[in-house]
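Each remark here refers to the structure printed beneath this line.
There are 2 protein chains.
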Amino acid sequence: MRHQGKKKATIYDLSVLSGCSPSTVSAVLNGTWRKRRIKQSTAELIQRLAEQHRYTANLQARGLRNSRSGLVGLLLPVHDNRYFSSMAQTFEAEVRSHGKCPIVVSACRDPREERATVETLISYSIDELFIAGATDPDGIHLLCEAAGIRHINIDLPGTKAPSVISDNYEGARMLTEAIIQRLSATGPVKPDQIYLFGGRNDHASHERIRGFRDAQKQRLGADPDQCIQPTGYSPDMSQKAFEAFYEREGRLPRGLFINSSINFEGLLRFLAQHPHETFADIVVGCYDYDPFGSFLPFPVLMIRQDIERMLAKAFEIMEEPRPAVEIHLIRPELVQPRTALTGPLDLIREIDV
Amino acid sequence: MRHQGKKKATIYDLSVLSGCSPSTVSAVLNGTWRKRRIKQSTAELIQRLAEQHRYTANLQARGLRNSRSGLVGLLLPVHDNRYFSSMAQTFEAEVRSHGKCPIVVSACRDPREERATVETLISYSIDELFIAGATDPDGIHLLCEAAGIRHINIDLPGTKAPSVISDNYEGARMLTEAIIQRLSATGPVKPDQIYLFGGRNDHASHERIRGFRDAQKQRLGADPDQCIQPTGYSPDMSQKAFEAFYEREGRLPRGLFINSSINFEGLLRFLAQHPHETFADIVVGCYDYDPFGSFLPFPVLMIRQDIERMLAKAFEIMEEPRPAVEIHLIRPELVQPRTALTGPLDLIREIDV
DNA sequence: CGCTTTTGCACAATCGATGGTGCAATCAAT
DNA sequence: ATTGATTGCACCATCGATTGTGCAAAAGCG
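These protein sequence lines are chains A and H, in that order. The opening position of the first sequence corresponds to residue -9 in our numbering, with each subsequent residue numbered one higher. The opening position of the second sequence corresponds to residue -9 in our numbering, with each subsequent residue numbered one higher.
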């Protein structure tokens, strides 16, 4: 069967070929033919023709008619770090297993971009939207609600839709305590020897800062304000903060709590500018796991957010008929230095070469 | 203006509200109204109403009518590493700047999955497809051609569509020579002291192996077969290969050429199982750049593929009316150890916090 | 053999946007 | 005032699939 030039076969083509009506063809090909009492032999005839002519449904037409598309969206702040790329990977697998088509888009942590992107997705009649790390979850909620689209927040919570997030407070406590413990091995630790870098005015940062300060106060007796250095989510800004500190103090803090792997990249840039000795005796904790980051030449403690469980929970909530607007906390995991965890890629079976 | 419950406004709603016909409304809202000689005042009236009622076009309907969707697809093998996530990031920005909607999907390096995914995309009438790292580019080509969809291969070439790929041979040579040079500093290098791990039966691997061997032979006088250890693209398999080597030889090779950052993760897993001394004097070269990987406690040379130029070239070719089926090589860059390069995230402006 | 059921399918409206065509009203020119 | 051009817009078919409804033919039944 030659592929006939340009046009794809439609139910009308098959209708002519089979001698049946388009509606019959449609019913056969979308599986509702038993309900519609189509003869088995008719169904088989049409299925055979469909195969011969490589028929595939025009999903835009179907979506238009059904006002649903089979698309499931994931809105990310960015693609390019292991936390979010790992989320995308896991998300895709899950959506595929539901027989739907995953759509992953990023919106650069820009509220306007976020809303514009979501409006586009809505215009394609996506069926569900997973909103990860949005700066303005409630604004997106309004758009989704107006369009009647099920949605859920991940990573950063909103107040109007159910949310599944990492237990940032607990994670930050764990991480801070682990940093302190590590540092204790090389001498007594004073509160102003541990600094938090990165993050901005979002829920996750607040919680992490709260956890950091609580642990600091509880373990070290104080939580000085100057130890908190929010730099936004930008490697460049973080680097500047490290440089500024170094300029001022002549060294890095003994303990560094870094708010995300993106900010950690700022530290890398700093490192590239300075000799080994500069960070000979520091301990770093990073809220986010990156396998390569775990093996750097100084101790790096990491928090691995449990993406699988977060997404599993989110999909579970999506199934509920009328999910409660509440925040589900998923406990993250402390990862010791020099640890190579498995990830979503390990679930992919290797094809024979 | 309350959002009226569920349904979105359509041109028909606006038609009633404005007293104009649907076609007039359509013309006004899609910008063709001057061509259609609609009065300015009519246009303004309709635009005002559209805004008040938060009209946004149903893109499925538009797509159905136009048999094009405004969607531009990028097919990736996987999301979860910095090479591909970086590509996704760059791709999105580029597509957005063309006023289209980027769709990034991964197909797990499985030819069947690849084809199924592409068929789905075609069913949504995507306008263009960028095929990155596909195992079966020519199979995908057939699908695209039958559907009349412009497409281009990136990262792995096909024989039926234009391709833009990294100059894997040159990159591998550069990397191999850099490894040898580094090793020479600590004593004379013999050919069987440098091993290549990872990759499989694809064009990129072949070229890299060729470059590796040529450099080995030229610099060291021989290129023993046993120095090539293809392990597929799986951290797990790579780890096993390292373990096997270590088991057999009691140490790692002095020089390691690792075919991709995914295989590099296999080395991490190996490292996690062994003490520092095991890799005290090794030199690693990795074909792929990962910022964290660059700062590991042993020298790591990396090849950064020039994603920006590759994509820029690909977009350029897409514009051509009838692009030639040829392979465009883009020269990658050797990255010295302890280097923190900027990436696509640096182009994102930080929002005020 | 009539009458009711069941079987098997066709018809036609619909989803929302687009664009070719046609037509009335206005205006300009003779 | 008649003709011709221009302006401004409405009409309607169309993209491909879905689905409620209706109806003829076949089958079952007394």
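Think of the CB as a built atom: it goes at the ideal place given N, C-alpha and C, for glycine as much as any other residue.
For residue i, tell me which candidate among the options has the shortest Cα-Cα distance.
{"i": "A:Thr46", "options": "A:Thr0, A:Val68 and A:Thr14", "result": "A:Thr0"}
{"i": "H:Gln30", "options": "H:Gln42, H:Arg44 and H:Val15", "result": "H:Val15"}
{"i": "H:Thr125", "options": "H:Phe282, H:Arg26, H:Ala97 and H:Ser284", "result": "H:Ala97"}
{"i": "A:Arg299", "options": "A:Met164, A:Gly211 and A:Ser76", "result": "A:Ser76"}
{"i": "H:Arg362", "options": "H:Thr176, H:Asn253, H:Arg328 and H:Asp128", "result": "Missing from the structure shown is residue 362 of chain H; chain H here goes from -9 to 343 and no further."}
{"i": "A:Thr80", "options": "A:Met308, A:Asp296, A:Met164 and A:Ile307", "result": "A:Asp296"}
{"i": "A:Ser57", "options": "H:Ser57, H:Leu39 and H:Leu49", "result": "H:Leu49"}
{"i": "H:Tyr277", "options": "H:Glu34, H:Phe288, H:Ile252 and H:Arg238", "result": "H:Ile252"}
{"i": "H:Ala33", "options": "H:Arg55, H:Gly53, H:Arg52 and H:Ser8", "result": "H:Ser8"}
{"i": "A:Ala106", "options": "A:Asp70, A:Leu65 and A:Asn191", "result": "A:Leu65"}
{"i": "H:Asp215", "options": "H:Gln183, H:His193 and H:Glu239", "result": "H:Gln183"}
{"i": "A:Gly211", "options": "A:Val179, A:Ala231, A:Thr221 and A:Ala137", "result": "A:Val179"}
{"i": "H:Ser156", "options": "H:Gln326, H:Arg294 and H:Pro12", "result": "H:Arg294"}
{"i": "A:Ile338", "options": "H:Lys90, H:Ala51, H:Gly89 and H:Met227", "result": "H:Met227"}
{"i": "H:Pro334", "options": "H:Ser13, H:Asp213, H:Leu301 and H:Leu173", "result": "H:Leu301"}
{"i": "A:Asp336", "options": "A:Ala83, A:Arg99, A:Gln206 and A:Leu35", "result": "A:Ala83"}
{"i": "A:Lys(-2)", "options": "H:Gly283, H:Ala136 and H:His264", "result": "H:Ala136"}
{"i": "A:His88", "options": "A:Val325, A:Phe74, A:Ile112 and A:Glu118", "result": "A:Glu118"}
{"i": "A:Leu133", "options": "A:Leu257, A:Val108, A:Pro152 and A:Ile144", "result": "A:Val108"}
Quick one: residues in its chain with C-beta nearer than 6 Å to the C-beta of residue i, no 5 flanking neighbours on either side, listed in chain order?
{"i": "A:Arg24", "result": "none"}
{"i": "H:Lys303", "result": "Val154 and His318"}
{"i": "H:Glu255", "result": "Pro225"}
{"i": "A:Phe288", "result": "Phe269 and Ile272"}
{"i": "H:Asp280", "result": "Arg72 and Ser251"}
{"i": "A:Gln(-6)", "result": "In this predicted model, A:Gln(-6) has a pLDDT of only 40, less than 50, meaning its place in the structure is not dependable; the value taken from the coordinates is given anyway. None."}
{"i": "H:Ala330", "result": "Pro281"}
{"i": "H:Gly222", "result": "Arg190"}
{"i": "H:Arg(-8)", "result": "Model confidence at H:Arg(-8) stands at a pLDDT of 34, short of 50, so the residue's coordinates are unreliable and nothing is read from them."}
{"i": "A:Cys91", "result": "Gly60 and Leu61"}
{"i": "A:Asn158", "result": "Ala194, Glu197 and Arg198"}
{"i": "A:Pro67", "result": "Arg99 and Gly123"}
{"i": "A:Val274", "result": "Leu246 and Val290"}
Under DSSP, the beta strand (DSSP E) around residue i begins and ends at which residues?
{"i": "A:Asn56", "result": "Careful: A:Asn56 lies outside any beta strand (DSSP E), inside the alpha helix (DSSP H) at Leu49 to Asn56."}
{"i": "H:Asn143", "result": "Arg140 to Ile144"}
{"i": "A:Cys91", "result": "Cys91 to Ser96"}
{"i": "A:Val18", "result": "First-last for A:Val18: Pro12 to Asn20, but that is the alpha helix (DSSP H), not the beta strand (DSSP E)."}
{"i": "A:Ala122", "result": "Glu118 to Ala122"}
{"i": "H:Gly245", "result": "Gly245 to Ile248"}
{"i": "H:Val325", "result": "Glu323 to Val325"}
{"i": "H:Leu61", "result": "Leu61 to Leu66"}
{"i": "A:Phe187", "result": "Ile184 to Phe187"}
Locate the alpha helix (DSSP H) running through residue i, then write down its first and last residues.
{"i": "A:Glu160", "result": "Asn158 to Ser174"}
{"i": "A:Ile199", "result": "His193 to Leu210"}
{"i": "A:Arg294", "result": "Segment Val290 to Arg294 is the beta strand (DSSP E) holding A:Arg294; no alpha helix (DSSP H) there."}
{"i": "H:Glu84", "result": "Arg72 to Ser87"}
{"i": "H:Phe357", "result": "The structure shown does not extend to residue 357 of chain H, since chain H is modelled only from -9 to 343, so the question has no answer here."}
{"i": "A:His131", "result": "Pro127 to Ala137"}
{"i": "H:Gly256", "result": "Ser251 to Ala262"}
{"i": "H:Val108", "result": "Pro101 to Ser113"}
{"i": "A:Leu39", "result": "Gln30 to Gln42"}
{"i": "H:Ile307", "result": "Ile297 to Glu309"}
In its own chain, which residues sit with a C-beta less than 7 Å from the C-beta of residue i, not counting the 5 before and 5 after it?
{"i": "H:Tyr114", "result": "Ser59 and Leu61"}
{"i": "H:Arg209", "result": "Glu167 and Ile170"}
{"i": "A:Leu186", "result": "Ile199, Phe202, Cys217, Ile218, Gln219, Phe247 and Asn249"}
{"i": "H:Phe260", "result": "Gln229, Phe232 and Glu233"}
{"i": "H:Ala40", "result": "Leu4 and Leu19"}
Considering only residues of the same chain and omitting the five flanking positions on each side of residue i, which have a CB-CB separation below 8 Å?
{"i": "A:Phe235", "result": "Tyr185, Gln219, Leu242 and Pro243"}
{"i": "H:Ile116", "result": "Ser59, Leu61, Val62, Gly63, Ile93 and Ile139"}
Quiz item: Between the region 111 to 124 of chain H and chain A, which residues of the former have CB atoms less than 8 Å from a CB of the latter, in chain order?
Solution: For the region 111 to 124 of chain H, the beta-carbon criterion of a distance under 8 Å to any beta-carbon of chain A is satisfied by Ile112, Ser113, Tyr114 and Ser115.
Quiz item: Does the count of Cβ pairs from the region 197 to 204 of chain A and the region 308 to 319 of chain A closer than 8 Å reach three?
Solution: Counting Cβ pairs under 8 Å, fewer than three are found: no touch.
Quiz prompt | Where the region 296 to 322 of chain A meets chain H: residues whose CB sits under 9 Å from a CB there | solution = For the region 296 to 322 of chain A, which is checked against every Cβ of chain H, not one residue is closer than 9 Å.
Practice problem: Would you be able to state if there are at least three C-beta pairs under 8 Å between the region 36 to 51 of chain H and the region 2 to 15 of chain H? | Solution: As far as the Cβ criterion goes, the region 2 to 15 of chain H touches the region 36 to 51 of chain H, which means the pair count is three or higher.
Quiz item: Got a sec: which bits of the region 4 to 38 of chain H sit with their beta carbon under 9 Å from any beta carbon on chain A, in order along the chain?
Solution: Listed in sequence order: no entries.
Quiz item: Closer than 7 Å, Cβ to any Cβ of chain A: which residues of the region 46 to 68 of chain H, in chain order?
Solution: Legend: CB atoms of the region 46 to 68 of chain H lying less than 7 Å from CB atoms of chain A belong to residues Thr46, Ala47, Asn48, Leu49, Gln50, Ala51, Gly53, Leu54, Ser59 and Val68.
Quiz item: Going along the chain, which residues of the region 260 to 287 of chain A sit with their C-beta nearer than 8 Å to a C-beta in chain H?
Solution: Residues of the region 260 to 287 of chain A whose Cβ lies closer than 8 Å to any Cβ of chain H, in chain order: Leu261, Ala262, Asp280, Pro281, Phe282, Gly283, Ser284, Phe285, Leu286 and Pro287.
Self-check item: Members of the region 328 to 339 of chain A that neighbour chain H once the beta carbon cut-off is set at 7 Å
Solution: Those would be Arg328, Thr329, Ala330, Gly333, Pro334, Leu335, Asp336 and Ile338, in chain order.
Exercise. With 7 Å as the C-beta to C-beta threshold (strictly closer), list the residues of the region 81 to 110 of chain H near chain A in chain order.
Key: If the cut-off is 7 Å between Cβ atoms, the region 81 to 110 of chain H has Glu82, Cys91, Pro92, Ile93, Val94, Val95, Ser96, Cys98, Arg99, Asp100, Glu109 and Thr110 near chain A.
Self-check item: chain H contacts from the region 187 to 204 of chain A (Cβ-Cβ distance under 8 Å)
Solution: Against chain H - using a Cβ distance shorter than 8 Å - the residues of the region 187 to 204 of chain A are Arg190 and Asn191.
Practice problem: Can you give me, in chain order, the residues of the region 130 to 145 of chain A that have a beta carbon less than 7 Å from any beta carbon in chain H? | Solution: So the list reads Ala136, Ala137 and Gly138, given in the order they occur along the chain.
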